[in-house]
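FYI, my numbering numbers position 39 of the sequence shown as 39, with every residue one higher than the one before it.
Positions of the beta carbon are idealized from the N, C-alpha and C atoms, including for glycine.
In what follows, a single structure is set out as structure tokens and then discussed.
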Amino acid sequence: MIIIACTDDNQGMLFNHRRQSQDRVQRQRMLQRTGGAKLWVDTYTAGLFSAESREQLEIDDQCLEHAADGEFCFVEKENPGTVEEKIEKIILYRWNRVYPADVHFPIDFSGWKLVQAEEFAGSSHEKITEEIYERVNPNM
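Take a look at the structure:
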């Protein structure tokens, strides 16, 4: 499974049960990154996407449990740490600022290697950083 998430500089994801931020360009880039493949999301996250983008979505509130090897899963409220052994790759979109947060991205990156990082301008953020991580030892 390939996990996708958005975080602030402190790995924050949510505050008071709500996403910290959102960005139209980031969503477009994320959909392009999947190459047209299925993107698993929960019902909360599905609300971010336009009607034409929804054709690519697999909407399931247990998306972490149902996404298979090689499939993309965009998480906002779910805890990817519960399925860390199934994760092959992590794609993080960093807002490059700090927001209030009470839920943080739970995975320790000591067992992961940053293989790609690229900055781009968003629609509501001057700079967003896309980071792609792969396991240091993929046989674990």
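- Does DSSP put G81 in a helix, a strand or coil? helix
- Query: So the alpha helix (DSSP H) L64 belongs to, where does it begin and stop?
  - Reply: C63 to H66
- Query: Considering T43, what are the terminal residues of the alpha helix (DSSP H) in which it resides?
  - Reply: Where T43 is concerned, the enclosing alpha helix (DSSP H) stretches over T43 to A46.
- Quick one: residues in its chain with C-beta nearer than 8 Å to the C-beta of D61, no 5 flanking neighbours on either side, listed in chain order? D42 and T43
- Query: Which runs of the alpha helix (DSSP H) spanning at least 4 residues fall entirely within the segment 93-132, listed in chain order?
  - Reply: DSSP runs (the alpha helix (DSSP H)) wholly in the segment 93-132: none.
- Item | Option nearest Q116 by Cα separation, candidates L92, E126 and H104 | L92
- When the distance is taken between beta carbons, is F109 closer than 8 Å to R29? no
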